[in-house]
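J.:
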DNA sequence: TCGTAATACTAACTCGCGTTAGTAACGCGT
DNA sequence: ACGCGTTACTAACGCGAGTTAGTATTACGA
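Protein chains in written order, with my numbering: chain A, 1 to 396; chain B, 1001 to 1396.
1. When you compare the CB positions of residue 224 of chain A and residue 240 of chain A, do they come within less than 8 Å of one another, or not?
2. Less than 8 Å between CB atoms is the rule here; does residue 1085 of chain B satisfy it with respect to chain A?
3. I'd like the list of long-range same chain contacts for residue 1242 of chain B, defined as Cβ closer than 6 Å, with 5 residues on each side in sequence excluded.
4. Is the CB-CB distance between residue 1100 of chain B and residue 1132 of chain B below 8 Å?
5. Taking residue 55 of chain A as the reference, give the member of B/1097, B/1118, B/1009 with the closest Cα.
6. Among the residues of its own chain, which have a CB less than 8 Å from the CB of residue 179 of chain A, if the five just before and after it don't count?
7. Flag residue 1229 of chain B as yes if its beta-carbon sits less than 8 Å from any beta-carbon of chain A, otherwise no.
8. Have a look at residue 232 of chain A and residue 201 of chain A and give me their C-alpha separation to the nearest angstrom.
9. Are the CB atoms of residue 1305 of chain B and residue 1090 of chain B within a distance shorter than 8 Å?
10. Using beta carbons (cut-off 8 Å, strictly below), is residue 1095 of chain B in contact with chain A?
11. Comparing the C-beta of residue 100 of chain A with each C-beta of chain B, is any distance below 8 Å?
12. Quick one: what's residue 1168 of chain B bridged to in DSSP?
13. Is the segment 193-210 of chain A touching the segment 311-320 of chain A, taking contact as three or more C-beta pairs under 8 Å?
14. Interface residues of chain B around residue 52 of chain A at Cβ under 7 Å?
15. Look at residue 1126 of chain B and residue 53 of chain A and say whether their C-beta atoms are less than 8 Å apart.
16. I'd like to know whether the C-beta atoms of residue 1190 of chain B and residue 1220 of chain B end up nearer to each other than 8 Å.
17. According to DSSP, simplified to helix, strand and coil, what is residue 398 of chain A?
18. So, for residue 1155 of chain B: in the same chain, excluding its five sequence neighbours on each side, which residues have a beta-carbon less than 8 Å away from its beta-carbon?
19. Can you tell me whether residue 1363 of chain B is buried or exposed, with buried defined as 16 or more other CB within 10 angstroms of its CB?
20. Against chain B, which members of the segment 14-43 of chain A pass a CB distance test of less than 8 Å?
21. Rounded to a whole number of angstroms, what is the C-alpha to C-alpha distance between residue 96 of chain A and residue 1106 of chain B?
22. For the alpha helix (DSSP H) that contains residue 41 of chain A, what are its first and last residues?
23. Taking 8 Å as the threshold (beta carbon to beta carbon), is residue 286 of chain A in contact with chain B?
24. Using a Cβ-Cβ cutoff of 7 Å, what residues of the segment 194-213 of chain A are near chain B? List them in chain order.
25. Within 10 angstroms of the Cβ of residue 287 of chain A, are there 16 or more other Cβ atoms? Answer buried if so, exposed if not.
26. How far does the alpha helix (DSSP H) with residue 1009 of chain B in it reach, from first residue to last?
27. What are the start and end residues of each continuous alpha helix (DSSP H) run of 4 or more residues lying completely inside the segment 289-330 of chain A, in chain order?
28. Taking only three categories from DSSP, how would you classify residue 66 of chain A?
29. Do residue 1310 of chain B and residue 1334 of chain B have their C-beta atoms closer together than 8 Å?
30. Pull up the distance between the alpha-carbon of residue 1048 of chain B and that of residue 1011 of chain B, whole angstroms please.
31. Could you check what DSSP says for residue 1249 of chain B in three-state terms: helix, strand or coil?
32. Taking only beta-carbon atoms, is residue 1105 of chain B less than 8 Å away from chain A?
33. When you compare only the Cα positions, how much space is there between residue 1138 of chain B and residue 1145 of chain B?
34. To the nearest angstrom, report how far apart residue 1116 of chain B and residue 1143 of chain B are at their CA atoms.
35. Excluding sequence positions up to five away, which residues of its chain have a Cβ less than 7 Å from the Cβ of residue 258 of chain A?
36. Tell me whether residue 1120 of chain B is buried or exposed, calling it buried when 16 or more other Cβ atoms sit within 10 Å of its Cβ.
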């Protein structure tokens, strides 16, 4: 009962011309075909419901109009961290704009051989790699194979590596400078580990803030979970216990991973600690998870949706062989000050760069994001919002 | 510099056999090929890094090992509602299990002609349609065209319509019965409208609860936003103003849409209303957005990830031409009682069915979901948790 | 009338694979 | 020596498109 698909040759027969002629008409190629024939072919193609067959088109043209996407963790959608959701939303904006579709690879990053094979099979014209796993063998292998690839939120050392990310170094800097300005001297720092570029860069920025303030780099108590070999939730507990037992005890905590901060904030009351009175907390990403936390968390925002859509732009330019002005595109970050470091919400937001506007003043859940930053309703004021946020490419 | 892909014929030449032989060896088909030849071909294929070309394979076999997914709204990832994220997570589990990939169509549901064309192009073997839009013309058109399709969270009247959903009628029933048991008689109900199947069914269940309690169906104050022609946020405000002006004033509100409940809860304090003291609130879906709301919201949970992965199972069975025991698969729902209807969290959870276990007792963010329900940390007790949640198919 | 050019096409090849049908070589029984 | 069956392959077709190269017809100028 399955009605057979209408092929190009069916249209050709109905129109009384050759398949080649139909192909020329439909692809808009002018091969001296008279208007009358052209109209007849177009009309019949429409009437008969002709649609080019995807696989045949791909085989003949060598293009799929699809881009692939690999997630470091397929379950990340439902983790507390909505990083992936925001990036994916930007990616979909990008693919829609370029008239591409998105192929979500379901294989796990840990099974990188399977992913490698699928990507090389040419099911997509290029691939976005989002949020690198530890011990990454996939990225270098793909680059070596010459597949068009753009890394999102990380990069590796390779002459063909293209990437989109935020300015993580500046993010670490802003976070730590902020707590220093609030008077804190004993600062803890939860890091995923230095093999992950954003972990490393945020730590570098943190150290820069310390040096700038005349503090020693060693005063920063860095907790690295990658090397601990513990499940994530247990690590958080252990790290907090350790932190609270330190002497002098840290009064500020900067946590690189937004999903972990929830574990922290939920665990602290049971340990007899109040936020921000006894421990001040700064997170990253500044999505609604930070904004709606109790208390709302001061957080380093990055324009996740812009990063997603910029990655698509970049990848498609590579696919089409166009030149790119830079291999690594960096977006600026912004510090959203909330109650976890600032009991009085009427104080101002810190914005280090003059080219970054702070978020719009709080209205309940703005329905449209005015800039590329995640939609959140931080309770902040705007000290000087004349300058608007600029997405212009900026040099490294 | 782009190194040319290794084709089957390259392997054949290297092995000194025909392409057909290579094809037979690689597809494991026994055509009397001696073990020695077989080994040689396999070794060379591996050494040369041969990977079958996706489009060629699809063209030859007529199968892509891909399933398509259409979202009613590509921006839904970042809406307050994480419904899509949970379903998508389940879908990815399903595609991983069956060794399929997922094709995310980036075109908008409103531009259904574009989607229709893409789906008919055969880029995927079948398609999941998630969360239907109003005035749906796509679904019937696809069914009429004979494309394998499974509808998630809705269904339409059509002999070929397959769907996966939760028991929405029971959900509406549980929600309203719960507030009736709490002593409420003036109940408001926010509905998306009756053309959306879950909106209609939840309302039916709500009315059943009223009738069962000996209350008149007319006592339910139903607010339908679909017919209002207002943007969603404005509608919420207007509906709330209207609600509060009613005499007698409703003391309970059941809201079908989880993302709207946030608008409600955030707007109420400014209107001088406290939850739950002056207005008791029940939401649906019971994802972390309800669980982490202040106050935490009583909510009707549905096993979103199971729904997603069941939809994939169903679709792939259809693609492979296997028989399905039923055209519409319904999952049971569960009521998670939280503080928005129950100021004292030490009271018990209401669980209408004995075959549905309540959620696990609260631990900070369980890392693994024990059943198919969204991960959330409702503060509830378990009255009798001997029975475990059953995913066995249940008759309509 | 012939040559050339423009018009209006189409045959045939290609993409990389699955698959059917057929064949050449060999062994073995009679 | 012949026939037959088994072993070990391969030629050729098809999937549904794009694309190249070529042809038949007509028009027009010399």
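Even for Gly, the Cβ is constructed at its ideal location relative to N, Cα and C.
T.: Let me spell this out:
1. Taking the first residue of the first chain as position 1, residue 224 of chain A is located at position 224. Taking the first residue of the first chain as position 1, residue 240 of chain A is located at position 240. Taking 8 Å as the Cβ cut-off, residue 224 of chain A and residue 240 of chain A do not qualify as a contacting pair.
2. By 1-based counting over the second chain, the position of residue 1085 of chain B is 85. Judged by the 8 Å Cβ criterion, residue 1085 of chain B is in contact with chain A.
3. Along the second chain, one-based indexing puts residue 1242 of chain B at 242. Nothing listed; no residue qualifies.
4. On the second chain, position 100 is the one that residue 1100 of chain B refers to. On the second chain, position 132 is the one that residue 1132 of chain B refers to. No, they are not a contact pair.
5. Walking along the first chain from the start, residue 55 of chain A turns up at place 55. When B/1097, B/1118, B/1009 are compared, the shortest CA-CA separation from residue 55 of chain A is found for B/1118.
6. If you number the first chain from 1, residue 179 of chain A lands on position 179. Excluding sequence neighbours, residue 179 of chain A sits near 187, 252, 254, 280, 282, 341.
7. Stepping through the second chain from its first residue, residue 1229 of chain B is reached at position 229. Residue 1229 of chain B does not count as touching chain A.
8. By 1-based counting over the first chain, the position of residue 232 of chain A is 232. By 1-based counting over the first chain, the position of residue 201 of chain A is 201. Distance between the alpha carbons of residue 232 of chain A and residue 201 of chain A is about 21 Å.
9. Here residue 1090 of chain B is taken as the residue at index 90 of the second chain, counted from 1. Here residue 1305 of chain B is taken as the residue at index 305 of the second chain, counted from 1. Contact annotation: residue 1090 of chain B and residue 1305 of chain B have beta-carbon atoms nearer than 8 Å.
10. Within the second chain, numbered from 1, the residue matching residue 1095 of chain B stands at position 95. Yes, residue 1095 of chain B lies at the interface with chain A (some Cβ there is under 8 Å from its Cβ).
11. Numbered from 1 along the first chain, position 100 holds the residue referred to as residue 100 of chain A. Output row for residue 100 of chain A: interface = yes.
12. Translated into the one-based positions of the second chain, residue 1168 of chain B becomes position 168. Answer is none; residue 1168 of chain B lacks a bridge partner.
13. Under the 8 Å Cβ criterion, the segment 193-210 of chain A does not count as touching the segment 311-320 of chain A, having fewer than three qualifying pairs.
14. Sequence index remark: in the first chain, residue 52 of chain A carries index 52 (1-based). At a beta-carbon threshold of 7 Å, the residues of chain B lying near residue 52 of chain A are 1121, ordered along the chain.
15. Position 126 of the second chain holds residue 1126 of chain B. Position 53 of the first chain holds residue 53 of chain A. In this structure, residue 1126 of chain B sits away from residue 53 of chain A, with a CB-CB distance that is not shorter than 8 Å.
16. On the second chain, residue 1190 of chain B is found 190 positions in, with the first residue counted as 1. On the second chain, residue 1220 of chain B is found 220 positions in, with the first residue counted as 1. Cβ atoms of residue 1190 of chain B and residue 1220 of chain B: not closer than 8 Å.
17. The requested residue 398 of chain A does not occur in the structure, where chain A is confined to residues 1 to 396.
18. Counted from its first residue, the second chain places residue 1155 of chain B at position 155. For residue 1155 of chain B, where only same-chain residues beyond five positions count, the Cβ hits under 8 Å are 1161, 1163, 1165, 1197, 1328.
19. Numbered from 1 along the second chain, position 363 holds the residue referred to as residue 1363 of chain B. Reliability of the predicted coordinates at residue 1363 of chain B is poor, the pLDDT of 33 falling under 50, and the value obtained from them is presented with this limitation in mind. The residue in question, residue 1363 of chain B, is exposed, as its Cβ has fewer than 16 Cβ neighbours within 10 Å.
20. Residues passing the 8 Å Cβ filter: none.
21. By 1-based counting over the first chain, the position of residue 96 of chain A is 96. By 1-based counting over the second chain, the position of residue 1106 of chain B is 106. Looking at the two C-alpha atoms, the distance is approximately 5 Å.
22. On the first chain, residue 41 of chain A is found 41 positions in, with the first residue counted as 1. Annotation: the continuous alpha helix (DSSP H) that includes residue 41 of chain A extends over 35-48.
23. For the purposes of this step, residue 286 of chain A is identified with residue 286 of the first chain, where counting begins at 1. Between residue 286 of chain A and chain B, the shortest Cβ-Cβ separation is not below 8 Å.
24. Taking 7 Å as the Cβ-Cβ cut-off against chain B, none of the residues of the segment 194-213 of chain A qualify.
25. On the first chain, position 287 is the one that residue 287 of chain A refers to. Buried, by the Cβ-count rule.
26. Position 9 of the second chain holds residue 1009 of chain B. Annotation: the continuous alpha helix (DSSP H) that includes residue 1009 of chain B extends over 1008-1015.
27. With a minimum length of 4 residues, the unbroken runs of alpha helix (DSSP H) contained wholly in the segment 289-330 of chain A fall at 304-319.
28. Position 66 of the first chain, counted from the first residue, corresponds to residue 66 of chain A. Looking at residue 66 of chain A - three-state DSSP - the assignment turns out to be strand.
29. The count along the second chain starts at 1 and reaches residue 1310 of chain B at position 310. The count along the second chain starts at 1 and reaches residue 1334 of chain B at position 334. Not in contact: residue 1310 of chain B and residue 1334 of chain B (Cβ atoms no closer than 8 Å).
30. Reading the second chain from its first residue, position 48 is the one you call residue 1048 of chain B. Reading the second chain from its first residue, position 11 is the one you call residue 1011 of chain B. Cα-Cα distance, rounded: 7 Å.
31. Locating residue 1249 of chain B in the second chain gives position 249, counting from the first residue. In this structure, residue 1249 of chain B counts as coil in the three-state DSSP scheme.
32. The residue given as residue 1105 of chain B occupies position 105 in the second chain. Residue-level contact by beta carbon holds for residue 1105 of chain B and chain A, with a gap shorter than 8 Å.
33. As a first step, residue 1138 of chain B is located in the second chain; it is residue number 138 there, counting from the start. As a first step, residue 1145 of chain B is located in the second chain; it is residue number 145 there, counting from the start. Cα-Cα distance, rounded: 11 Å.
34. Along the second chain, one-based indexing puts residue 1116 of chain B at 116. Along the second chain, one-based indexing puts residue 1143 of chain B at 143. If you take the alpha carbons of residue 1116 of chain B and residue 1143 of chain B, they lie about 11 Å apart.
35. As a first step, residue 258 of chain A is located in the first chain; it is residue number 258 there, counting from the start. Excluding sequence neighbours, residue 258 of chain A sits near 81, 83, 283, 284, 285, 287, 289, 290.
36. Residue mapping note: residue 1120 of chain B aligns to position 120 of the second chain, counting from 1. Its Cβ being crowded by 16 or more others within 10 Å, residue 1120 of chain B is buried.
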